[in-house]
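In terms of this note's numbering, the sequence shown opens at residue 1 and continues consecutively.
Note that CB positions come from ideal geometry on N, CA and C, so glycine has one too.
Source: prediction; values computed, not measured.
I have placed the structure first, in the form of C-alpha cells, so that the comments after it can refer back to it.
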Amino acid sequence: MSSLSEGMKRLIEPLSFIIIVLSISIAFAGEKIGGSQDKKFGYDYLNPNIPVDKRVEDLLSRMSLAEKIGQMCQYNAGMKNAGQLARDGSVGSFLNVTDPGEIERLQHAAVRDSRLGIPILFGLDVIHGYSTIFPIPIAWASTWNPEIVRESAEVSAKEACSQGVRWTFSPMVDIARDPRWGRIAEGAGEDVYLGMAMANALVEGYQGRKLGPESRLVACAKHYVAYGAAAGGRDYNSAEVSERTLREVYLPPFKAAVDAGAGTIMSAFEDLNGVPATANSFTIRDILKGEWPFKGFVVSDWDAVTELINHGVACDSAEAVMKAVIAGVDMDMVGPYHDHLEVLVREGKIPIEPVNDAVRRILRIKFEIGLFEHPYPDPAMAKSGLMLPEYRKVSREAAREAIVLLKNDRNILPLSRNIESIAVIGPLADSKPDMLGCWPCQGKPAPVVTLLAGIKSAASPQTKVMYAEGCGVRDTSRSGFAEAIVAAKESDVVVIAVGERAEMTGEAESRSSLDLPGVQEDLVKAIVATGKPVVEILMNGRPLSINWSAEHLPAILETWFLGTEAGNAIADVLFGNYNPSGKLPVTFPRSVGQVPIFYNHMNTGRPPSAERFTSRYTDIPWTPLFSFGYGLSYTKFGFSELNVIPDPGVKDRFLVTVDVTNEGKRDGIETVQLYIRQDCASVARPVKQLAGFRRVELAAGETKTVSFILTPYDLSFINAGMERVVESGPLEVMAGGSSVDLISKSTVIEKSMPVAEKVPIY
Ligand code: BGC
Numbered sequence: 001m002s003s004l005s006e007g008m009k010r011l012i013e014p015l016s017f018i019i020i021v022l023s024i025s026i027a028f029a030g031e032k033i034g035g036s037q038d039k040k041f042g043y044d045y046l047n048p049n050i051p052v053d054k055r056v057e058d059l060l061s062r063m064s065l066a067e068k069i070g071q072m073c074q075y076n077a078g079m080k081n082a083g084q085l086a087r088d089g090s091v092g093s094f095l096n097v098t099d100p101g102e103i104e105r106l107q108h109a110a111v112r113d114s115r116l117g118i119p120i121l122f123g124l125d126v127i128h129g130y131s132t133i134f135p136i137p138i139a140w141a142s143t144w145n146p147e148i149v150r151e152s153a154e155v156s157a158k159e160a161c162s163q164g165v166r167w168t169f170s171p172m173v174d175i176a177r178d179p180r181w182g183r184i185a186e187g188a189g190e191d192v193y194l195g196m197a198m199a200n201a202l203v204e205g206y207q208g209r210k211l212g213p214e215s216r217l218v219a220c221a222k223h224y225v226a227y228g229a230a231a232g233g234r235d236y237n238s239a240e241v242s243e244r245t246l247r248e249v250y251l252p253p254f255k256a257a258v259d260a261g262a263g264t265i266m267s268a269f270e271d272l273n274g275v276p277a278t279a280n281s282f283t284i285r286d287i288l289k290g291e292w293p294f295k296g297f298v299v300s301d302w303d304a305v306t307e308l309i310n311h312g313v314a315c316d317s318a319e320a321v322m323k324a325v326i327a328g329v330d331m332d333m334v335g336p337y338h339d340h341l342e343v344l345v346r347e348g349k350i351p352i353e354p355v356n357d358a359v360r361r362i363l364r365i366k367f368e369i370g371l372f373e374h375p376y377p378d379p380a381m382a383k384s385g386l387m388l389p390e391y392r393k394v395s396r397e398a399a400r401e402a403i404v405l406l407k408n409d410r411n412i413l414p415l416s417r418n419i420e421s422i423a424v425i426g427p428l429a430d431s432k433p434d435m436l437g438c439w440p441c442q443g444k445p446a447p448v449v450t451l452l453a454g455i456k457s458a459a460s461p462q463t464k465v466m467y468a469e470g471c472g473v474r475d476t477s478r479s480g481f482a483e484a485i486v487a488a489k490e491s492d493v494v495v496i497a498v499g500e501r502a503e504m505t506g507e508a509e510s511r512s513s514l515d516l517p518g519v520q521e522d523l524v525k526a527i528v529a530t531g532k533p534v535v536e537i538l539m540n541g542r543p544l545s546i547n548w549s550a551e552h553l554p555a556i557l558e559t560w561f562l563g564t565e566a567g568n569a570i571a572d573v574l575f576g577n578y579n580p581s582g583k584l585p586v587t588f589p590r591s592v593g594q595v596p597i598f599y600n601h602m603n604t605g606r607p608p609s610a611e612r613f614t615s616r617y618t619d620i621p622w623t624p625l626f627s628f629g630y631g632l633s634y635t636k637f638g639f640s641e642l643n644v645i646p647d648p649g650v651k652d653r654f655l656v657t658v659d660v661t662n663e664g665k666r667d668g669i670e671t672v673q674l675y676i677r678q679d680c681a682s683v684a685r686p687v688k689q690l691a692g693f694r695r696v697e698l699a700a701g702e703t704k705t706v707s708f709i710l711t712p713y714d715l716s717f718i719n720a721g722m723e724r725v726v727e728s729g730p731l732e733v734m735a736g737g738s739s740v741d742l743i744s745k746s747t748v749i750e751k752s753m754p755v756a757e758k759v760p761i762y
C-alpha cells in the first residue's frame with residue numbers, strides 16, 4: 001500500500017468505506033425482509049435487469065397485507081403524519097405535493113426507512129402545463145394539430161418531472177356535448193375521432209411512445225366513463241347512456257389512450273345508468289380490464305369511494321370500499337381504503353385476489369417508469385427546469401394555432417401594425433390570472449402576457465394604445481362604460497375582450513346560461529354604437545351564444561384561455577403575423593335551449609326543414625350559431641377533385657384524395673376534414689361523422705392533393721348486438737374545411753365484417 005500515491009489512497013479509502021456500509025445495509029435489509037437475495041441488488045425486485053413481471057411477483061410475495069393496502073392508498077398533501085405513513089409503507093401515492101424538497105423528504109422516508117423501500121408515486125393535475133401554461137384543452141383541440149399538442153404535453157412533462165412529479169391526472173378524454181358543463185373546457189370537445197387523436201397525442205407527449213424509464217410523467221385518462229354525459233350539464237349528475245352509445249361515443253377516446261400506453265385511468269364521479277362509475281364492474285372489470293385489456297391501474301376520483309354512500313349503493317364506508325375494490329378501483333384517492341380494507345380481507349368479505357391484482361398493477365407502473373432506480377427529483381433540474389424560453393415558444397405556437405376566426409367581414413383583420421390608435425377594452429383585456437384558465441397548476445400570473453401587453457408589443461411604437469376595462473366580467477355596474485366609450489371614440493379600431501372568468505369554467509362550474517355574463521353584452525353594444533370598427537376577442541371555457549355579436553360585429557376571434565403567451569398569440573393573429581387556422585372542436589348553439597346540439601346527430605324520421613311536423617324548433621332555427629369544424633382564415637380555400645378508390649388488396653379500405661387550393665393572396669393553413677355517412681345500415685347512423693383530418697400549409701395560389709386512408713375501423717360502428725362491425729352498402733365520403741361546407745362522392749362498401757377494437761395510430 002505504501003507504494004500508492006496519496007491521491008489513490010484518498011480515492012480508495014472512501015470507496016472501501018462505502019463498500020462496508022453497503023454490505024452492512026444489504027445484510028440488514030436481508031434481516032428486515034427475509035428470503036434469498038441477489039448478490040448485487042439484494043432482492044429480485046431490486047434488480048432492474050430482470051423482467052418487470054418477475055420483480056412485481058417477487059415484491060408482492062414479500063409484502064404483508066397492510067403493506068399491500070398501503071400501495072392502494074393515495075393521500076393529499078399537507079398531512080401531519082405524511083412522513084410516518086411513508087416510513088410505515090402505508091402510502092402508494094401522494095397528490096398535490098409540489099415542493100421538490102418535500103417530495104425528496106417523503107421519498108427518503110419511503111425508500112430508505114420503510115421495510116421494503118417501495119417508492120411513492122407523486123401525482124398532480126398537470127392539465128395544460130406545469131409552470132409554462134398552455135391553452136386549455138378545448139383550445140388545444142381547436143388547433144386540430146396533434147403534433148403541437150404532443151409537444152406541449154412533453155414540455156409539461158419535462159417541467160413537472162424536474163420537480164419530482166411523475167404522474168399527471170390528464171388527459172381528460174370525456175366527450176362533452178353540453179356546454180353548460182364547466183368541464184367541457186378540460187377536454188377535446190364533442191367529437192370521438194378528434195377526441196381519440198388528442199388522447200393519443202397527450203398520452204404520447206407525457207409518456208413518450210412507450211411507458212418506460214424514459215417516461216417523465218405517467219398519464220391518467222379520465223373520467224371513466226361518460227362523465228361528460230351528466231344530465232342537464234350539471235356537474236356530478238347522473239348519466240343515462242345506452243350501451244351502444246357508450247361503446248360508440250364515450251369509450252373510444254379511453255381506448256385510444258389505453259392503446260397509446262396510458263399507465264392509469266381515473267374512474268368518474270357520476271352514476272352511469274344507475275351504477276356509480278366507482279363501483280361499476282361492467283365498465284372497469286369487464287370492458288377496461290377484460291375486453292381491452294388494460295394493464296395499468298385505476299385510481300378513483302377525489303373521495304369518490306365515500307360518495308358511494310351518497311349515491312345510495314353503499315350503506316357505510318366499509319361497504320363502499322368493498323364495492324369499489326370488487327369493481328376494480330385499484331387506488332383510492334383520499335378515501336377510506338385505509339380504514340376498512342384490512343378488516344374486510346381478514347373477515348373474508350373481500351377475497352385477496354382483487355387486492356393482489358390492484359397491487360400488482362400499481363407496482364408494475366412504478367417499476368416500468370424506473371421509480372425504484374430513480375426515486376428522487378434531479379436537483380439540477382429542480383433548479384433550472386422551469387419556464388425556459390423554448391417552452392414559452394411552444395406555448396405561443398400552440399396558443400396561436402388554437403385561435404379560431406369566427407367572423408371577418410370586409411377583411412377588417414388583420415390590422416395594420418402602423419394603425420394610428422387602438423382602444424383595448426373589456427374586463428379580460430388585461431387580466432393575467434384569467435389567461436391561465438382552469439387548472440393552472442403551478443402557473444403564476446406574473447409571467448403571463450395579456451392581450452393589452454401583447455398588442456402594445458406588436459403594434460408599432462407610434463401606435464397609440466388606449467385601455468379601459470369597461471365593466472367586470474360578472475358585475476352589473478355600468479359605471480365604467482363612459483370611459484370605455486371615450487377610448488373607443490378616440491381610436492381607429494376597438495379590440496374588446498369579453499367572456500368568462502377562468503374560475504367560471506372547469507369542475508363544479510356548470511352554468512344554465514350560455515350568454516356573456518354580467519353587462520358585457522351591453523358594453524359591446526355601447527362600443528359598437530360609437531360607429532368604430534370593433535373586433536371581439538372571446539375568452540371563455542365553453543361555447544357561448546353570442547348571437548348579437550355574431551350579427552353586428554365585423555370580426556370575432558375565439559381565443560378560449562390561451563395560457564402564458566395568450567396576449568402575444570392573439571396579437572400575432574390580430575396583426576397578421578400568423579394567419580389563423582383554428583377550427584371549432586365543439587358546436588356553438590344559438591340558445592341554451594338547443595342543447596345538446598352536435599354535428600353528428602341522427603337524421604331522424606323527419607329530418608329538420610322549414611316544414612311543420614319535422615324535427616325543428618318553432619322559435620329559432622334548429623341549426624347552430626357556429627358549427628363543429630368551422631374556422632376562417634385570412635385567405636380562402638377551395639376543394640375539388642375528391643376521389644375515393646377502393647383498396648384492391650384489402651376489403652373495406654379506401655384511398656381518398658382531394659385537392660385543396662389556396663385561392664387567396666396570403667399563405668395560410670387549412671385543416672382538411674374528411675367525413676363519412678352511411679345512410680342505410682342495421683342501426684341509424686349519424687348524418688356525418690369525422691373520419692380523418694389533416695392540416696395543410698398552402699402558399700397563396702398553391703394547390704395540394706391531400707390523401708387519407710379510410711380503414712375498416714374508420715367505417716365501423718357498434719351494431720345492435722354490441723359488436724363493432726362494418727356493414728356493406730352505399731357510403732358517402734365528404735371533404736372540406738368545416739362540417740357544413742363539404743364536397744362529396746359516393747362509393748360502396750362491399751363486405752360486412754367484424755372489426756377489432758384497436759384504435760388506429762394517429
Ligand atoms: C377532479 C379530478 C382531479 C382530482 C384531483 C377531482 O375533483 O374531478 O379531475 O384529477 O380532483 O385533483
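{"Asked": "Endpoints, alpha helix (DSSP H) assigned at Lys383", "Found": "379–384"}
{"Asked": "Proximal residues to Ser156 (C-beta, below 6 Å), its chain only, five neighbours per side dropped", "Found": "Val126, Gly129, Tyr130"}
{"Asked": "Contact check, Arg724 vs Glu757, beta carbons under 8 Å", "Found": "yes"}
{"Asked": "Beta-carbon proximity check, Glu154 vs Gly205, cutoff 8 Å", "Found": "yes"}
{"Asked": "For Phe254, the first and last residue of its enclosing alpha helix (DSSP H)", "Found": "252–259"}
{"Asked": "Beta carbon of Val660 nearer than 8 Å to that of Leu715", "Found": "no"}
{"Asked": "Same chain, Cβ closer than 6 Å to Ser640, neighbours up to 5 away in sequence not counted", "Found": "Asp659"}
{"Asked": "Beta-carbon proximity list for Ala526, same chain, < 7 Å, skipping 5 on both sides", "Found": "Phe481, Ile485"}
{"Asked": "Asn96 to Leu625 span [Cα, whole Å]", "Found": "40 Å"}
{"Asked": "Beta-ladder partner(s) of Ile556, from DSSP", "Found": "Lys407, Glu536"}
{"Asked": "Any alpha helix (DSSP H) of 4 or more consecutive residues that is wholly inside the segment 697–726", "Found": "712–715"}
{"Asked": "Local Cβ density within 10 Å of Met63, reported as buried at 16 or more and exposed below that", "Found": "buried"}
{"Asked": "CB contact flag (Lys688, Gly664, <8 Å)", "Found": "no"}
{"Asked": "Residue span of the beta strand (DSSP E) that contains Met266, given as start and end", "Found": "264–267"}
{"Asked": "Inter-stretch contact at 8 Å, needing at least 3 Cβ pairs: the segment 227–239 / the segment 507–520", "Found": "yes"}
{"Asked": "Inside the segment 403–464 only - beta strand (DSSP E) runs reaching at least 3 residues", "Found": "404–408, 421–425"}
{"Asked": "Whole-angstrom distance between Ile455 and Leu371, CA atom to CA atom", "Found": "45 Å"}
{"Asked": "Cβ neighbour criterion (16 or more within 10 Å) applied to Met602", "Found": "exposed"}
{"Asked": "DSSP beta-bridge partners of Gln689", "Found": "Ile676"}
{"Asked": "Pairwise C-alpha distance: Ser162 and Gly385", "Found": "6 Å"}
{"Asked": "Separation of Gly92 from Val424, as counted between CA atoms", "Found": "50 Å"}
{"Asked": "DSSP three-state assignment for Ser23, whether helix, strand or coil", "Found": "Reliability of the predicted coordinates at Ser23 is poor, the pLDDT of 38 falling under 50, and no value is obtained from them."}
{"Asked": "The segment 666–678 contacting the segment 571–586, beta-carbon criterion three pairs below 8 Å", "Found": "yes"}
{"Asked": "Pick from Pro293, Val404, Gly101 that is closest to Phe628, judged by C-alpha positions", "Found": "Val404"}
{"Asked": "Inter-residue CB distance, Ala221 and Ile265 (contact presumed, cutoff 8 Å)", "Found": "5 Å"}
{"Asked": "For Ser215 and Ile369, the rounded distance between their alpha carbons", "Found": "6 Å"}
{"Asked": "Best match in Gly89, Ile69, Pro100 for proximity to Ala77 [C-alpha to C-alpha]", "Found": "Pro100"}
{"Asked": "Within 8 Å, strictly: CB atoms of Asp339 and Ala358", "Found": "no"}
{"Asked": "Member of Ala188, Gly737, Gly70, Gln442 whose CA lies at the smallest distance from the CA of Asn763", "Found": "Examination of residue 763 is not possible in this model, given that the chain is present from 1 through 762 alone."}
{"Asked": "Exposed unless 16 or more other CB atoms sit within 10 angstroms - verdict on Asn540", "Found": "buried"}
{"Asked": "Cβ neighbours of Pro621 in the same chain (closer than 8 Å, five flanking residues each side left out)", "Found": "Arg590"}
{"Asked": "Any non-hydrogen atom of the ligand BGC closer than 7 Å to Trp302 Cβ", "Found": "yes"}
{"Asked": "Cβ-heavy atom distance, His311 to the ligand BGC, below 7 Å", "Found": "no"}
{"Asked": "N- and C-terminal bounds of the beta strand (DSSP E) containing His108", "Found": "Taken as a continuous stretch (DSSP letters only), His108 belongs to no beta strand (DSSP E), being part of the alpha helix (DSSP H) at 100–108."}
{"Asked": "Which of helix, strand or coil DSSP assigns to Lys349", "Found": "coil"}
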